[in-house]
Amino acid sequence: MWDNAPLLRNIANTLFSFSALAMLCGAVHYTVHLPEMLPLHGVRLEAAPQRIDLPGLGQVLRSEVKGNFFTVDIEQLRLSLEKLAWVRSVSIRREFPDRLALSFEEHQPLARWNNSALVNQQGEVFSADADQELPDFIGQAGDSKDVAQRYAQFNRQLAALNLQVMQVALNARHAWQLQLNNGMVLELGHEDMQQRLARFVAVYPYAEGRWQKAEGGGAVYVDLRYRNGFAVKG
Numbered sequence: 479m480w481d482n483a484p485l486l487r488n489i490a491n492t493l494f495s496f497s498a499l500a501m502l503c504g505a506v507h508y509t510v511h512l513p514e515m516l517p518l519h520g521v522r523l524e525a526a527p528q529r530i531d532l533p534g535l536g537q538v539l540r541s542e543v544k545g546n547f548f549t550v551d552i553e554q555l556r557l558s559l560e561k562l563a564w565v566r567s568v569s570i571r572r573e574f575p576d577r578l579a580l581s582f583e584e585h586q587p588l589a590r591w592n593n594s595a596l597v598n599q600q601g602e603v604f605s606a607d608a609d610q611e612l613p614d615f616i617g618q619a620g621d622s623k624d625v626a627q628r629y630a631q632f633n634r635q636l637a638a639l640n641l642q643v644m645q646v647a648l649n650a651r652h653a654w655q656l657q658l659n660n661g662m663v664l665e666l667g668h669e670d671m672q673q674r675l676a677r678f679v680a681v682y683p684y685a686e687g688r689w690q691k692a693e694g695g696g697a698v699y700v701d702l703r704y705r706n707g708f709a710v711k712g
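Quick note on numbering: the sequence shown equals residues 479 to 712 in this note's numbering.
Below, the structure written as structure tokens:
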């Protein structure tokens, strides 16, 4: 092999090419990581946040936007931004040559959760302060999505009566209780909730007047867990 001049030239050329490529990659890597190479000059919000605290947002950006256009840690920035109140998710894009673009999805509150947190439209629990009037959800850890779905279903059934659910309670035995905007409390139990509520909706227009007379102002508590009827208490 050592007396084969063409083969030796090919080997030498290949080694030289690899060496040149390695040097080029090293130079590019070094250049890209220089802070003064394509420094970041701004962050663009694709839409104005409705609920996100802007001073808090600015503090996160000042803390996490480091390096240059290529080296800024996008994933760490995303994780830090998603810790802010009202942020459900955030999308971050690089905009050549010197800017980041942020797009936020904010939580849309559906209800209060156990008097200590909020539930969004997807049934997810999150922590934030809300000054608007919201229904109350009471439930066990991990039940928020089920409660949110049932809440929507119960409201659809009650719409025929122009009534709304103001509180949904799901206890540890998975029994459901509703409080309506007219003050009534409906005990649905842990099975056949739709059918029981449908029976209430069908009877209520005819029974409301009699309940008001019998109970001196209207029924407050209706137990719908009976197979062939329900109990009414004033």
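By construction, the Cβ of each residue, glycine as well, lies at the ideal position given by its N, Cα and C atoms.
Rounded straight-line distance, which links the Cα of residue j to that of residue i
i: residue 617; j: residue 586; result: 20 Å
i: residue 655; j: residue 607; result: 26 Å
i: residue 666; j: residue 652; result: 10 Å
i: residue 524; j: residue 595; result: 28 Å
i: residue 549; j: residue 614; result: 45 Å
i: residue 552; j: residue 533; result: 20 Å
i: residue 673; j: residue 558; result: 46 Å
i: residue 602; j: residue 710; result: 35 Å
i: residue 547; j: residue 583; result: 24 Å
i: residue 609; j: residue 588; result: 13 Å
i: residue 679; j: residue 707; result: 13 Å
i: residue 543; j: residue 561; result: 16 Å
i: residue 660; j: residue 520; result: 53 Å
With 16 other Cβ atoms within 10 Å as the buried cut-off, status of residue i
i: residue 611; result: exposed
i: residue 580; result: buried
i: residue 620; result: exposed
i: residue 622; result: buried
i: residue 704; result: exposed
i: residue 530; result: buried
i: residue 627; result: exposed
i: residue 528; result: exposed
i: residue 687; result: exposed
i: residue 657; result: buried
Per-residue DSSP class, three states only, for residue i
i: residue 573; result: strand
i: residue 678; result: helix
i: residue 520; result: strand
i: residue 616; result: strand
i: residue 645; result: strand
i: residue 560; result: coil
i: residue 669; result: coil
i: residue 709; result: strand
i: residue 554; result: helix
i: residue 684; result: helix
i: residue 504; result: With a pLDDT of 40 at residue 504, under the threshold of 50, the predicted position of this residue should be treated as unreliable, though the coordinate-derived value follows. It is helical.
Among the options, the one whose alpha carbon lies nearest that of residue i
i: residue 646; options: 639, 638, 637, 631; result: 631
i: residue 597; options: 629, 547, 555; result: 629
i: residue 605; options: 545, 564, 624, 588; result: 564
i: residue 702; options: 603, 623, 668; result: 668
i: residue 569; options: 576, 554, 657; result: 554
i: residue 599; options: 624, 536, 684; result: 624
i: residue 518; options: 526, 575, 537; result: 575
If we require 4 or more residues per run, which alpha helix (DSSP H) segments fall completely within the stretch 619-643?
As far as the stretch 619-643 is concerned, its whole alpha helix (DSSP H) runs of at least 4 residues are 622-636.
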